[in-house]
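In this note's numbering, the protein residues as written are 24 to 1070.
Glycine included, each C-beta is placed from N, C-alpha and C at the ideal position.
See below for the structure under consideration.
If you want it as structure tokens, here you go:
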């Protein structure tokens, strides 16, 4: 087979799991912490602990009080750039090496460090205040003295904590009691695992039976729990009550847990705290925050190393031309200090201040309100993103399900024809009101051709019964809860379920006339359009699982005794269960292409004998010890044959506003989008189609589930044969592929126009980001809105958090925070592009400014017998890079090549930046040549035209240098801003005004002569005019892409 992948399995690669904070033994050992151990936790007695536990505090800070200053200074001086200037400043304490006043070296360095320290301190303070807000949330704790208030940070292992509805769970707990009558509660876990499905949790049976919550303190009981780990989907433990006869022992599983960062969706619960602080599941699935260093800063650091090499070469040449006479090694050091301006210390200051301006501009942009810049060190990263990794739920979608279509095979009902469905239901229940509806339906079923009303009714009744939704009644201020529940008050009813899809379906059946009004463990009540209550007994429920991809329910109609088996599920599994038909596959495909989440609904009528036979076999299978799940599945499958196909339902997860145009903009900008979600494969695929992440013309390759190396190898070969198709893969298959064929898989995935990874754990998301960085060397941007996205956001080169329904955890941990996904387009296309291009122009101009004066120094030393004597001293050298040229040069941070509207309209402009052309070795070399040309012209011109005294050379050359820099700024600017004009005039005014005080260096009387003016004018024109001509010719005959859009 020519297209096979060579079998090159990866050897024992270190997995992501070994790098989680708090989750790995290696990390604990090197940090001096003890390894985690299983624990016995006594209810309400935190003092009875068998080991030390961490405090329950959330900490997202990079430094603490003691490590802040050393940490910031280390991060600054680990760069060659800053270390060089530190050594340079320190060398001036040696008398033989001193070339001028100490302040000329220490003041600029001190200013750079002060700006950095202040900026880092401000960010750390903001981070501290955010953490303090979370740690200060108040909860109720059960104690012997009654209920007391306690801060989240003061909660300890063993405390009994009361958590109200819609309140965040503060620590990992075992569920002991609930106020709900059905003895269970729902959890919202989207902050933890990204899934929007509510999770059903069950309390410990022994504690739920106690009369009151305070009785928890009267019993002698404890929980034995496994050691802390990162697995959020599993838990092993036991509950023991010692003071009962005999002692009670209950096994505990994930169903009995309340993990931190989840939210209670129903009732009030009481739990005992098991894990706190760094041992929380949510914390162990989060990476440590790291100081992100922009690619632009690394490139500038590389250029400074090149400049240092040039500095050393120039110094050696100067000494070599002296034939290494006398103490030549001392001369080398003096020349190194003399030409130190080749590496501009003001570069770091200008770039850091530029970043602050970019951050301010982003925050002030009225087109993206609410945007927050939390890391002001990397705005240039936004201009060079190659891979965008996004969460699905709450980021691309609103997490709001809307029923869109009911398809019966011969007819389909959309939103615009729901009144027709309503009339069908109304007609069924009003034709013969004296007869029960089911009898009517049964008599119609005997006819050869049933009426359309009957078909619609059967479909809607199936949808109204086949689910796990529970109606809950709450007080609305007018009607109390008990009365509302007794009279099925519509205004007080809310639906609770583990899936928003099911709630959407039940809400739709209510809108067309068949309302779910009551449900408990054994019965369901529906209300007909006429107000009659229809009672059904639940005989069996077969819940939805990711393996079966379907759910079923067997109910008995109380009015007729008829037993019916209803089932709904994904089309891929239901196609083999329902009776043969010629429309199911085609219509499922049509609805899926519209981005709808399709469910197939079917039914099967059972006789009493058939059900009794099934129940006997089902109970027997459930009692079996070996292969229980397999035997149970086999018994259920015996019913799942030749079922009657009733209908298809189409539900849409509403996309965020303008998601489609935003993704199209990003795609046109050359950015590849990967969707990483914890949701189901079918859901993720539907959303990818609906959002046009996968275009209509692209094929989708669904990577089948693989469990070993051989299967992975075969599936990768099958995938390799596909061309220009999007990839959909589950987290389990991804893990197997990365274990054995990491290199091959990433190579193939990176060639795809889009990738969808479903059922992804938080740590897997971060791992994918890191692999993309390592394999491609390109910049990544991660976007998410939940706590499960934090690791991915922190791992990416640029993390963007969306403030949404899943809280603020992601936005607080991100570098940039936005309120809607559509704002990402403007953030990248406009602000990212401008930030990168402005910093590139600013850095190269600052380097040009320093190289000009260094070239003049080199020419001066060469002419005067290679003497290590400075051309400009004292204030002249400091003033040149500060008040004389700082404002015009820094005003380049306001420059832009195109208007923001044009940048959004033509995202292809962004694609040019991905190659790094604004700051490359080519552009750097061009600016070096310009600097050498201008420095040489100014110095040689001054030497040729000077009068009798040396001070005249200084006056002519320095004035020409200042004017040249101001004119070069004007030449570089593409769009003038009024502040740029002010900066130019202000700098020129400052120089003219300061001449009065510079009599020590410049002859004041000489600069007032006509001779001085014409000489300066000639030198300045010769240094600048050729560059203006070249710029005009280039724009005339080889214009850049953006100029074609602005002309």
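Please go through the same chain and pick out, in chain order, the residues whose beta-carbon is closer than 6 Å to the beta-carbon of residue i, but skip the five residues on each side of it.
{"i": "residue 1060", "result": "none"}
{"i": "residue 339", "result": "none"}
{"i": "residue 904", "result": "369"}
{"i": "residue 426", "result": "527, 531, 674"}
{"i": "residue 681", "result": "845"}
{"i": "residue 1013", "result": "906"}
{"i": "residue 345", "result": "889"}
Spatial neighbours of residue i within its chain, please: CB distance less than 8 Å, with the 5 preceding and 5 following residues excluded, ordered by chain position.
{"i": "residue 559", "result": "488, 546, 547, 548, 549, 578, 579, 580, 581"}
{"i": "residue 302", "result": "45, 59, 76, 77, 195, 251"}
{"i": "residue 524", "result": "424, 620, 622, 674"}
{"i": "residue 53", "result": "The predicted model places residue 53 with a pLDDT of 41, which falls under 50 and marks its position as unreliable; any figure quoted below should be read in that light. Nothing listed; no residue qualifies."}
{"i": "residue 323", "result": "104, 370, 374, 866, 942"}
Suppose the cutoff is 7 Å on Cβ atoms and the five residues either side in sequence are ignored; what does the same chain contact list for residue i look like?
{"i": "residue 934", "result": "692, 693"}
{"i": "residue 223", "result": "207, 209, 521"}
{"i": "residue 715", "result": "683, 686, 687"}
{"i": "residue 1054", "result": "994"}
{"i": "residue 468", "result": "Any answer about residue 468 is weak, because its pLDDT of 40 lies below 50 and its placement is not dependable; what the coordinates show is given next. If we look at residue 468 and ignore the five residues flanking it on each side, it has no Cβ neighbours."}
{"i": "residue 910", "result": "1006, 1009, 1010"}
{"i": "residue 980", "result": "879, 961, 962, 965"}
{"i": "residue 128", "result": "111, 112, 115"}
{"i": "residue 74", "result": "60, 62"}
Our contact map puts residue i next to residue j with C-beta atoms below 8 Å; I'd like the distance itself, whole angstroms only.
{"i": "residue 1042", "j": "residue 960", "result": "7 Å"}
{"i": "residue 784", "j": "residue 754", "result": "6 Å"}
{"i": "residue 634", "j": "residue 552", "result": "Actually they do not touch by this definition, with Cβ atoms about 30 Å apart."}
{"i": "residue 1025", "j": "residue 1033", "result": "No, residue 1025 and residue 1033 are not in contact; Cβ-Cβ is about 17 Å, not under 8 Å."}
{"i": "residue 226", "j": "residue 199", "result": "6 Å"}
{"i": "residue 284", "j": "residue 810", "result": "5 Å"}
Is the separation between the beta-carbon of residue i and that of residue j shorter than 8 Å?
{"i": "residue 14", "j": "residue 272", "result": "There is simply no residue 14 to check, as the chain begins at 24 and stops at 1070 in what is shown."}
{"i": "residue 704", "j": "residue 588", "result": "no"}
{"i": "residue 171", "j": "residue 287", "result": "no"}
{"i": "residue 404", "j": "residue 802", "result": "yes"}
{"i": "residue 759", "j": "residue 792", "result": "no"}
{"i": "residue 97", "j": "residue 368", "result": "no"}
{"i": "residue 1007", "j": "residue 993", "result": "yes"}
{"i": "residue 820", "j": "residue 787", "result": "no"}
{"i": "residue 397", "j": "residue 837", "result": "yes"}
{"i": "residue 414", "j": "residue 80", "result": "no"}
{"i": "residue 769", "j": "residue 794", "result": "yes"}
{"i": "residue 365", "j": "residue 343", "result": "no"}
{"i": "residue 328", "j": "residue 567", "result": "no"}
{"i": "residue 862", "j": "residue 319", "result": "yes"}
{"i": "residue 679", "j": "residue 847", "result": "no"}
{"i": "residue 371", "j": "residue 135", "result": "yes"}
{"i": "residue 143", "j": "residue 95", "result": "yes"}
{"i": "residue 162", "j": "residue 197", "result": "no"}
{"i": "residue 624", "j": "residue 482", "result": "yes"}
query: Can we say the segment 260-272 touches the segment 234-249, given the rule of at least three CB pairs closer than 8 Å?
result: Counting Cβ pairs under 8 Å, three or more are found: they touch.
message: Under 8 Å, with one C-beta from each stretch per pair, do the segment 975-983 and the segment 842-858 reach the 3-pair mark?
response: No: the two stretches stay apart, fewer than three of their Cβ pairs being nearer than 8 Å.
task: Kindly confirm or deny that the segment 141-149 and the segment 83-103 touch, where touching means at least three C-beta pairs closer than 8 Å.
output: Short answer: they touch.
message: Would the segment 917-924 count as touching the segment 671-691 if we require 3 or more Cβ pairs under 8 Å?
response: Too few Cβ pairs lie closer than 8 Å, so no.
Stretch-stretch touch, CB-based, cutoff 8 Å, three pairs: the segment 149-161 with the segment 103-120: Flag = no, the segment 149-161 and the segment 103-120 do not touch.
task: Entirely within the segment 189-256 and at least 3 residues each: give me those beta strand (DSSP E) ranges in chain order.
output: Counting whole runs of 3 or more residues, the segment 189-256 contains the beta strand (DSSP E) stretches 195-201, 208-211, 222-224, 244-248.
- prompt: Which residue spans inside the segment 722-809 form an unbroken alpha helix (DSSP H) run of at least 4?
  reply: The qualifying runs are 732-743, 754-763, 765-774, 785-799.
query: Any contact of the segment 873-885 with the segment 430-448, i.e. 3+ C-beta pairs under 8 Å?
result: They do not touch, by the three-pair rule.
- prompt: With contact counted as at least three CB pairs below 8 Å, one residue from each stretch, are the segment 881-895 and the segment 379-395 in contact?
  reply: These segments do not touch.
field: Inside the segment 281-333 only - alpha helix (DSSP H) runs reaching at least 4 residues
entry: The segment 281-333 contains these whole alpha helix (DSSP H) runs: 304-307.
- prompt: What are the start and end residues of each continuous alpha helix (DSSP H) run of 4 or more residues lying completely inside the segment 558-614, in chain order?
  reply: With a minimum length of 4 residues, the continuous alpha helix (DSSP H) runs that stay inside the segment 558-614 are 594-597.
task: Run through the segment 68-108 for me and flag every whole alpha helix (DSSP H) of 4 or more residues, listed as ranges in chain order.
output: Entirely contained in the segment 68-108, the alpha helix (DSSP H) runs reaching 4 residues are, in chain order, 91-100.
field: Segment contact, 8 Å Cβ cut-off, at least three pairs: the segment 634-643 with the segment 593-607
entry: No: the two stretches stay apart, fewer than three of their Cβ pairs being nearer than 8 Å.
message: Which runs of the alpha helix (DSSP H) at least 4 residues long sit entirely within the segment 322-394? Give them in chain order.
response: The segment 322-394 contains these whole alpha helix (DSSP H) runs: 351-361, 369-387.
- request: Could you pull out every unbroken alpha helix (DSSP H) segment of at least 4 residues lying fully inside the segment 929-966, listed in chain order?
  value: Taken in chain order, the whole alpha helix (DSSP H) runs of length 4 or more contained in the segment 929-966 are 931-934.
query: Is there contact between the segment 938-945 and the segment 983-1003, where contact requires at least three CB pairs shorter than 8 Å?
result: At 8 Å Cβ cutoff, the stretches do not touch.
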